[in-house]
Amino acid sequence: MPLRDIVIFPHMVAPLVVGRKKSILALEDAMEKRTEILLVTQKDSAVDDPEEEGIYEYGTLASVMQLLRLPDGTIKALVEGKKRAKIVSYVPHDSFLQAEVQELDDQVEKTGELIAYERELRKFFEEFASGNKKIAKEVVKSVSTIEDPVKMLDIICSHLPLKTDEKQEILECDDVITRIEKVLEVIHREIELAELEKSINAKVKMRMGKTQRNYYLGEKVREIQTEMGQNEDGLDEMGELEEQINKKKMPQLARDKAIKELKKLKNMPPMSAETTVVRNYIDCIVNLPWQKKSKSQLDIAKAEQILDEDHYGLEKTKERILEYLAVQTQVKKIKGPILCLVGPPGVGKTSICRSIARAMGRKFARLSLGGVRDEAEIRGHRRTYIGAMPGKIIQSMQKVNVANPVFCLDEVDKMSMDFRGDPSSALLEVLDPEQNSAFNDHYLDIDYDLSEVFFITTANNLHGIPVPLQDRMEIIQIRGYTEQEKLKIAEGYLVPKQLEANGFAKGDIMLTDGAILEVIRRYTREAGVRNLERNIASLCRKIARDRLKKNEMAKKYRVSAQSAVKFLGTPKYRYGLAEEQDEIGLTTGLAWTEVGGELLQIEATLMPGSGKLTITGKLGDVMQESAQAALSYVRSRADLLGLESNFYQKLDIHVHVPEGAIPKDGPSAGITIATTLASALLRAPVRHELAMTGEITLRGRILPIGGLTEKLLAAKRGNITHVLIPKDNERDLADVPLKIRKSLTIKLVEHMDEVLEHAIVLKEGEAVFKAVASNGLTPNREVLGHNSAH
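Counting in this note's numbering, the sequence shown tops out at residue 792, every number present.
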C-alpha cells in the first residue's frame, strides 16, 4: 500500500485513514489472510494512483491490527511496523499493488563502537525530549529500557520532527551506525533550534509589557529575521520608507529630519499611538514637491491667445500676466508675483486664474478662504495635538505635486477671526515675496520654499482685506462688463455652453442680439454674467419643454426680444432708471456697490415747520453728514439763490433715498443731495437725463470719488446721457472703456455752483444765482468763499 507524506518505521504503531480503492482492498486482503502488508511511501503525494516508478523501493512490512469503516466510505486502519523490506519486483494484480519483497535483516553484533553510539543517541534523545513537550515522558522511559539498538533507533525515528524525504533516507540506510549518525545529526540540529527559539523568546519577553502581548508573534518573527540576518535585505515597510527618502530630491535639512524620524520609528513598537504620528509625518515630508517643477511655457503670443480665448475683456489683468511672462523669458528665476483681482461677483476672477495656469503650462491649485477663521487652517497644527495635520497651503502643494503651480486663494476678503487666531495674519508670510521662501508650517516644522508659486488672490471688495495684506499684493481692479461685452460673452461662450448642457445641437436655437440685450436689460442687474447665464439656461429649458410638448424634435427656434419675454415671463427690472421727465426735488446720483454701479434717486420735500432736517433711507453716518454739509452749503448761498436768509427756520426739510431697506453710505452723494435741496427750495426741476457724483465741502468745493468706471457703466445702462464728475477724477477716465466715454457727455466740475448751473432747469432768461453782492460785483468764487466762511 503506497502512503502519502508518512514513513512507517519498524516497531511503530500508527493510525492511517485510507480512502483509495486499491489501498482499501489491499488492507482488507491482508486482514482477511492475516498476512503482513508492505507500507511504502510514494514520491509525489499529489498523485492519486502512483505507478511503480512513483514509489520508493524501501518500505516496512506491517501487520494490520484493526480496521474501522467510517461513514464517508474511508477506512481507519491501525498498523504496526515489523521489519524493513525492499521491493524486488512487482507482481501483476487486478485489485491492488502486489510485489515480491526481500526482508532486510537488522541483526548486528554489539561492538564497543555501537554501544558508544547507542549511549550517545539515548542521551541526546532524552535531552531533546526534555525540551519538547510533544514527546511524552512514557516514550522517553520506554526508550531508556530498550536494549536492542536497532529497535531503539526505529522508535526514536518515529518521534522525531523530520521531513518525509529525511525519514525515507534513514529507512533506506542499511548500516546501523550510519543510520545512528544521521539521527544524531538531526537531534543536534533540533536541540540547537530549540535553544535558539528559547533565546528569542527570552529576548522578546524582556521587551514586552502587558500591553504588548498582542503582537508577541510579530516580535518573534522579527527576532528570527535578525538572527538569520534577513532584516537588511528584506524589503519591509521601513526599507521602502528609507528608499523613498533617499530617492526624493529635497533640501539636506528636510532629509536629515526625515532620517531622524525614521530611526525613531524603527525603535517604536508597532501598536504604539506615536507610531502613526511619526509615520504620517515622514509621509508628509516625502510627498511634498521640494524641487519638482512643471516646465513653464514662455511663448507670449500663445499665452495671449489662450487668455483671449477664455475671457473677453479684462485687459489690465491680461497685460500684467503677459508682463510677468515676458520678464520670466529674460531671467532664469523670478520671485512669483502676487496679484489680487478685486471685482464684483460673476466677472470671471476665479476662472481667469485657471486660464493663467493653462497659458503658462503650469498646474493649478485653488484654496477657498471663505469662512476660514482659524489660523491653523493656513499654518497647520503642531504635532503634539491629536489628529494634527499640515495647513491648507502645504496640503494643496502635496495635491498638485509641483513646487511652482498657479495658486488661487479665493475669497480672501471673506476670512473672519476668533479666539483661535487671525488667518489673514498667517497669510502675511505666505504672500510676502521676501518671506515666503522660508514658509514655516507648524506641522512640518521645516522651512518650505513658496517663492516660485504664482499666487493670485480674489476678492469682491478691498474693505474686508487688512491693510498690511493689501500692501503685499498688486491690486488689479476688475470692472463690471458693459452691455456690448456681455453680448459678446453670451454669443461666444454662454449660449453654446447652455445649448450643449441642455441637449441641443448647434443651430437648434438662434438667439438674436435683441433677445440677448432684452435679457441683459430687463432680466438681470449685475456687473458679471452669472444671472445672464441662468436666464439663457431657463430659455433653453422652456424651449426643450415646448419642443417635447409639440413633439417637433427637429424644429429650429429663433428667439427674438418679444419671444424672450414670452418664454421668461414678466421682466424683473425696468430698463433705464432715468426719470422720464424733469422733477422738482428729485436728482439722479451714481453709487458704487459690490455688484457694480447703480443709479440712486435722491428726493427732498418741504413742509411748514421749525427748521428740522429729517434724513431717511437707511443711510450711514458719512452719508448723513454729507446731507448736513449740503444743507449748510445751500444756507450759505441763500442770498445768491434768491432765498430768504432765514428760510430754514420756517420749513421742515425731509431728504429720502428710495429702496429704504438697502443700507447706503459714503460721501459721493454730497453734490446730489445739495442739488436736490436747491431744486426743492427754488421750486425748479432738475434735468432728468443728467446724473452726478462727488463729495461736497462746506465751501462748495467738489472732491474726487472712487468707482468711477462702475458708476459710468451704470449711467450708460440707465439711459443717462449727461454726467457730472469731479475735476480731480479726470485721471480715472483713461480706465473707462472708450465706447462708454463716447456714449456719455461727461462734464468735469470743481465747484457746486457749476453743478447747479448744469443741473437746474430754468425758464429762458433766468439764472440760478439771481442776486448781486452789495459791493456791485457778480458772485464769483472768491466772494462766495468769503461769504461761506462768514
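All residues carry an ideal CB built from backbone N, CA and C; glycine is no exception.
Under 7 Å Cβ to Cβ from L18, same chain only, skipping five residues before and after it: list those, please.
A79, V81
Nearest-angstrom Cα distance between L758 and V770?
Cα-Cα distance, rounded: 7 Å.
When the Cα atoms are used, what is the spatial distance from E768 to D730?
30 Å
By Cβ distance below 7 Å, which residues in the same chain neighbour R381 in space, the five residues on each side in sequence not counted?
G393, A428, D443, H444
Three-state secondary structure (DSSP) of I478
strand
What residues in its chain sit with their C-beta under 7 Å from that of Q626, if we drop five residues either side in the sequence?
Counting only Cβ-Cβ distances below 7 Å, and skipping sequence neighbours, we find I617.
Tell me whether M33 sits in a helix, a strand or coil according to DSSP, three-state version.
helix
For Y650, list the residues DSSP reports as bridge partners.
Beta-bridge pairing links Y650 to no other residue.
Would the segment 626-636 and the segment 667-674 be scored as touching if the rule is three or more Cβ pairs under 8 Å?
Three or more Cβ pairs closer than 8 Å define a contact, and the segment 626-636 meets that threshold against the segment 667-674.
L27 to V103, Cα distance in whole Å?
19 Å
Could you pull out every residue in the same chain whose Cβ sits closer than 8 Å to the Cβ of L489, ignoring the five residues on either side in sequence?
D515, I518, L519, I522
Ordered along the chain, which non-local residues of its own chain (more than five positions away) have a Cβ less than 6 Å from that of A260?
So the list reads I247, I284, I287, once near-sequence residues are dropped.
Is the segment 452-469 close to the segment 252-272, with three or more CB pairs under 8 Å?
Because the criterion of three Cβ pairs below 8 Å is not met, the segment 452-469 and the segment 252-272 do not touch.
Using the three-state DSSP reduction, which class does H690 fall into: helix, strand or coil?
coil
Own chain, CB closer than 7 Å to V594, minus 5 neighbours either side, in chain order
The sequence given here has Trp at residue 594, not Val. Result list for W594: G708, G709, E712, K713, in chain order.
Can you find the residues in the same chain that come closer than 6 Å, C-beta to C-beta, to H656, ignoring five residues on each side of it along the sequence?
T607, T616
Looking at the structure shown, is Y483 part of a helix, part of a strand, or coil, going by DSSP?
coil
Counted within 10 angstroms of its Cβ, other Cβ atoms place M3 as buried (16 or more) or exposed:
buried
Ignore the nearest five residues each way along the sequence and tell me which others in V374's own chain have a CB closer than 6 Å to its CB.
M417, P425
For the beta strand (DSSP E) containing M391, list its first residue and its last residue.
No beta strand (DSSP E) holds M391; DSSP gives it neither H nor E.
Kindly indicate which three-state DSSP category C175 falls into: helix, strand or coil?
coil
Looking at the strands, I want to know which residues DSSP matches up with V344.
A461, Q479
Excluding sequence positions up to five away, which residues of its chain have a Cβ less than 8 Å from the Cβ of A546?
If we look at A546 and ignore the five residues flanking it on each side, its Cβ neighbours are N504, G505, F506.
Boundaries (first-last residue) of the beta strand (DSSP E) holding Q44
Taken as a continuous stretch (DSSP letters only), Q44 belongs to no beta strand (DSSP E), as it is neither H nor E.
Note down, in chain order, each residue of its chain lying with its Cβ closer than 8 Å to the Cβ of I396, except the 5 sequence neighbours on either side.
C286, L290, G382, D443, Y445, L446, Y450
Assuming contact is defined by CB atoms lying nearer than 8 Å, are A359 and A305 in contact in what I supplied?
Result no, Cβ atoms of A359 and A305 do not sit closer than 8 Å.
Rounded to the nearest angstrom, what separates E263 and K294 at their Cα positions?
23 Å
Can you give me the start and stop residues for the beta strand (DSSP E) that G61 sits inside?
60-71
Can you tell me whether I448 is buried or exposed, with buried defined as 16 or more other CB within 10 angstroms of its CB?
It counts as buried.
At the level of alpha carbons, what is the spacing between E105 and Q68?
23 Å
Among G363, E115, V636, P470, which has the Cα closest to the Cα of P407?
G363
Is G696 helix, strand or coil by DSSP?
coil
Using beta-carbon positions only, say whether A378 and V402 come within less than 8 Å of one another.
no
Across the segment 187-198 and the segment 160-170, are there enough close Cβ pairs to call them in contact, namely three or more that are closer than 8 Å?
yes
Considering only residues of the same chain and omitting the five flanking positions on each side of F441, which have a CB-CB separation below 8 Å?
Counting only Cβ-Cβ distances below 8 Å, and skipping sequence neighbours, we find I395, E431, V432, D449, Y450, D451, L452.
Report the partner residues of Q100 according to the DSSP bridge assignment.
V93
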